[in-house]
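Residue numbers (our numbering): 1 to 393.
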């Protein structure tokens, strides 16, 4: 029996690892370059149209320096995100995930969850909003509530492009290892949060064992392929829609704040802008984590609307100042920043979904406080450990 459990667990882990290798290791460079070429061509066409229409110089600058860099940096990851959703959808249709839910049930019950919550947590790799809705439908109230509070810690499809973008810039040639290390740290954070939530409600009865029958293993059918394709297409379109709404607006606002001074006059330099003043005001909070630069703080703020905006904001700020991401972060501070981005306060749509499923504003506020505190403490520890490690090399 133990050998069967080990084989099932190994099969499931290999399947998940294969999905991430295929998505972000094997095909990501090709898809990213293809996306960049396509969107760059579209941006040149948009710039030409703006000039032809007689738009003012400042409007053209806002389009070329503010909106387009932010949107392009996010859209270049659309093919990889679509492939990720396609693979996760196929994985969800397979018996592997159901078997993994069953064999992981004893371990998950130690953290106040159940194996039934595992599919909802894995769905969080795609988007937290439907994953939270799925967790809210669990049969047991206590495990479902804990799963809802844990899902925002998952590295969703909005956070992964930020991780891939920064890992490629900060850890060239080692981006895969850096991404795996980030995911391991995130897993440790999720288990730690689960233990904290269990201690906050120690009198809650443990969830019952999750023991649905094993279904017969089935091959991938045309129907499952169509459903996976539909899921991937919908997720990609939602991603693009967000890029042309939330990210576009965040990039435009970021550019305006970067070019206006405290008196709403034209800023003489980005360092004298409203955005620099706002980022500098909160940057001391992040200085112990290694990223006290006001541009990093500004990206953290923009990520509250949508996590894709983090990459967009950094692109706008580096484009405007002629800097690069590697000039803002060192490898230790960059890793700390990435870990913080994965763990800190979830995006606004996720908070709305959490409030809807829990029916409690206080529970949502508690989740925000716990996740921000956890993100700060773990990023602080990761930064100090990374500095110590790099001091020996």
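Here a beta-carbon is modelled for each residue, glycine too, at the ideal position from N, C-alpha and C.
Beta-carbon contacts of residue i that lie in its chain and below 7 Å, excluding the five residues immediately before and after
i: residue 130; result: 123
i: residue 197; result: 112, 146, 149
i: residue 328; result: 293, 295, 296
i: residue 291; result: 329, 333, 336, 337
i: residue 277; result: 262
Run of the alpha helix (DSSP H) containing residue i, from where it starts to where it stops
i: residue 302; result: 294–302
i: residue 345; result: Looking at the DSSP string, residue 345 is not in any alpha helix (DSSP H), and its letter there is neither H nor E.
i: residue 369; result: 361–390
i: residue 105; result: 105–109
i: residue 329; result: Careful: residue 329 lies outside any alpha helix (DSSP H) and carries neither H nor E.
i: residue 221; result: Here residue 221 belongs to no alpha helix (DSSP H), and DSSP marks it neither H nor E.
i: residue 287; result: That residue, residue 287, is in no alpha helix (DSSP H); it is neither H nor E in DSSP.
i: residue 187; result: 175–200
i: residue 119; result: 118–123
Burial state of residue i (16 or more Cβ within 10 Å)
i: residue 157; result: buried
i: residue 155; result: buried
i: residue 125; result: buried
i: residue 382; result: buried
i: residue 167; result: buried
i: residue 388; result: exposed
i: residue 163; result: buried
i: residue 86; result: buried
i: residue 284; result: exposed
i: residue 90; result: buried
i: residue 369; result: exposed
i: residue 364; result: buried
i: residue 226; result: exposed
i: residue 313; result: buried
i: residue 390; result: exposed
i: residue 282; result: exposed
i: residue 172; result: exposed
i: residue 264; result: exposed
i: residue 10; result: exposed
i: residue 279; result: buried
i: residue 195; result: exposed
i: residue 373; result: exposed
i: residue 101; result: buried
i: residue 178; result: buried
i: residue 144; result: buried
i: residue 361; result: exposed
i: residue 128; result: buried
Near the ligand MG: residue i beta-carbon under 7 Å from a heavy atom
i: residue 363; result: The ligand content of the structure shown is nil, which means the ligand MG is not present either.
Closest by C-alpha distance to residue i, when choosing among the options
i: residue 355; options: 152, 278, 84; result: 152
i: residue 136; options: 359, 370, 375, 386; result: 359
i: residue 233; options: 315, 84, 367, 41; result: 84
i: residue 299; options: 337, 330, 176; result: 337
i: residue 379; options: 286, 310, 326; result: 286
i: residue 199; options: 353, 110, 180, 228; result: 110
i: residue 241; options: 192, 19, 78, 362; result: 78
i: residue 238; options: 349, 311, 132; result: 349
i: residue 21; options: 101, 221, 326, 175; result: 175
i: residue 357; options: 127, 45, 133; result: 133
i: residue 108; options: 165, 127, 377, 190; result: 190
i: residue 254; options: 223, 230, 311, 222; result: 311
i: residue 305; options: 326, 352, 183; result: 352
i: residue 19; options: 165, 49, 180, 230; result: 180
i: residue 289; options: 377, 41, 223; result: 377
Contacting residues, own chain, Cβ-Cβ under 8 Å from residue i (five flanking each side not counted)
i: residue 324; result: 169, 318
i: residue 245; result: none
i: residue 261; result: 267, 268, 272, 273, 274
i: residue 193; result: 149, 150, 153, 370, 371, 374
i: residue 118; result: 97, 100, 101, 104, 108
Contacts around residue i, its chain only, beta-carbon distance under 6 Å, and the 5 residues preceding and following it disregarded
i: residue 307; result: 158, 159, 347
i: residue 375; result: 340, 343, 344
i: residue 386; result: 332, 335
i: residue 82; result: 232, 236
i: residue 367; result: 149
i: residue 228; result: 86, 89, 90
i: residue 120; result: 131, 134, 135, 147
i: residue 214; result: Here residue 214 scores only 41 on pLDDT, less than 50, and its place in the model should not be relied on; the value that follows carries that caveat. Closer than 6 Å at the Cβ level, and outside the excluded window around residue 214, lies no residue.
What runs of the beta strand (DSSP E), each 3 residues or longer, lie entirely inside the stretch 133–169? none
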